[in-house]
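Only one structure is covered here, and it is reproduced in the block below.
Residue numbers (my numbering): 76 to 328.
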């Protein structure tokens, strides 16, 4: 979902929740719901009413939030951590559609959508996701008609994202695609430190290949060149953007 302030995403992403990662406090739930663009026009009282129908679920890295083909019964909003959306291609290979951070949603919007989830959502890290049943969301739209316009805006935004992804996959070379993906992830989930941006995310070469429509071998070659050019540095479960302007230039070709 668009519109979530970068600093707030980073703060929630970096916050270490105490105790069981399956716990997500009411304070956090209310804060997240208030900042989700879909609900930003609702009053505090209306958000509190909606929150009473929301369930918080915790996931370990690698756990499925929902599986493709299951009944599409809920909208999920990430409260902390990160998740990836996966859809198998016609050739049986997984395509990573998106990487989600705090404040971003997946699943059904509860309006004449498909009866089944078209993709799978998997936690990349220990995460907390808020589940809003489709029936609850539909009732909220009926009670607050202005929410319907916000939903339409969100649907259009998702369409724009899909069109931009198609454009990049068809027009850009592998270096441009990988650089563009790193920029999006850095802006969404990165931790700015001095002149660098730290991205602590267990994103494998296979994941990055699936996200950019390339192969793991191609991603490895591109990342090696970016390292050689001192644009990025990498290690186990982390990537550092050393020179964002040059990475942006690489994305533009």
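Even glycine gets a Cβ: it sits at the ideal position worked out from N, Cα and C. Bear in mind that the values here come from a model prediction, so they are computed numbers and not experimental data.
Open item on the list: Give the list of continuous alpha helix (DSSP H) stretches no shorter than 4 residues that lie fully inside the segment 97–155.
Closed with: 101–110, 119–126
- [ ] For residue 309, I'd like the list of residues in its chain whose CB is within less than 7 Å of its CB, leaving aside the five on either flank, ordered along the chain.
- [x] 298, 302
Task: DSSP state of residue 231 mapped onto helix, strand, coil - done: helix
Task: Contact set for residue 282: own chain, Cβ-Cβ below 6 Å, skip 5 residues either direction - done: 171
Task: Residue interval of the beta strand (DSSP E) (run including residue 327) - done: No beta strand (DSSP E) holds residue 327; the alpha helix (DSSP H) holding it covers 319–327.
Open item on the list: At the level of alpha carbons, what is the spacing between residue 253 and residue 217?
Closed with: 42 Å
- [ ] Could you check the C-alpha separation between residue 279 and residue 286 for me, to the nearest Å?
- [x] 11 Å
Task: Touch test, the segment 116–123 against the segment 137–156, Cβ-Cβ under 8 Å, three pairs minimum - done: no
Task: Span of the alpha helix (DSSP H) around residue 162 - done: From DSSP, residue 162 is part of no alpha helix (DSSP H) but of the beta strand (DSSP E) over 158–163.
TODO: Verify whether the separation of the beta carbon atoms of residue 140 and residue 260 is less than 7 Å.
DONE: no
Task: Whole-angstrom distance between residue 105 and residue 131, CA atom to CA atom - done: 11 Å
Open item on the list: Assuming the contact rule is C-beta atoms closer than 8 Å, residue 136 and residue 198 should be a hit. Round their C-beta distance to whole Å, please.
Closed with: 6 Å
Open item on the list: Could you tell me the alpha carbon to alpha carbon distance between residue 147 and residue 316, rounded to whole angstroms?
Closed with: 37 Å
TODO: Can you give me the Cβ contacts of residue 103 inside the same chain, cut-off strictly under 6 Å, excluding the 5 residues immediately before and after it?
DONE: 154
Task: Expected contact under 8 Å - CB spacing of residue 276 and residue 157 to nearest Å - done: 6 Å
Open item on the list: Which residues does DSSP list as the beta-bridge partners of residue 271?
Closed with: 268
Open item on the list: Let's test the definition: count the other Cβ atoms within 10 Å of the Cβ of residue 144 and tell me whether it reaches 16, buried, or not, exposed.
Closed with: exposed
Open item on the list: I want to check one thing, is the minimum distance from the CB of residue 295 to the heavy atoms of the ligand FMN below 6 Å?
Closed with: Ligands are entirely absent from the displayed structure, and the ligand FMN is therefore not among its contents.
Task: Cutoff 7 Å; reference residue 320; Cβ partners in own chain excluding five residues on either side - done: none
Task: Cβ-based neighbour list, residue 267, same chain, cut-off 6 Å, excluding 5 preceding and 5 following - done: none
Open item on the list: Is it buried or exposed, residue 270, if we count other Cβ atoms within 10 angstroms and call 16 or more buried?
Closed with: exposed
Task: Endpoints, beta strand (DSSP E) assigned at residue 309 - done: 307–310
TODO: Could you tell me the distance, in whole angstroms, from the CA atom of residue 233 to the CA atom of residue 284?
DONE: 21 Å
Open item on the list: Looking only at its chain, what residues have a beta carbon closer than 7 Å to the beta carbon of residue 305, apart from the 5 residues adjacent to it on each side?
Closed with: 317, 318
Task: Cβ-Cβ distance between residue 180 and residue 251 below 7 Å - done: no
Open item on the list: Could you tell me the alpha carbon to alpha carbon distance between residue 329 and residue 182, rounded to whole angstroms?
Closed with: As displayed, the chain neither begins before 76 nor continues past 328, which places residue 329 out of reach and without an answer.
TODO: Pick helix, strand or coil for residue 218, following the three-state DSSP scheme.
DONE: helix
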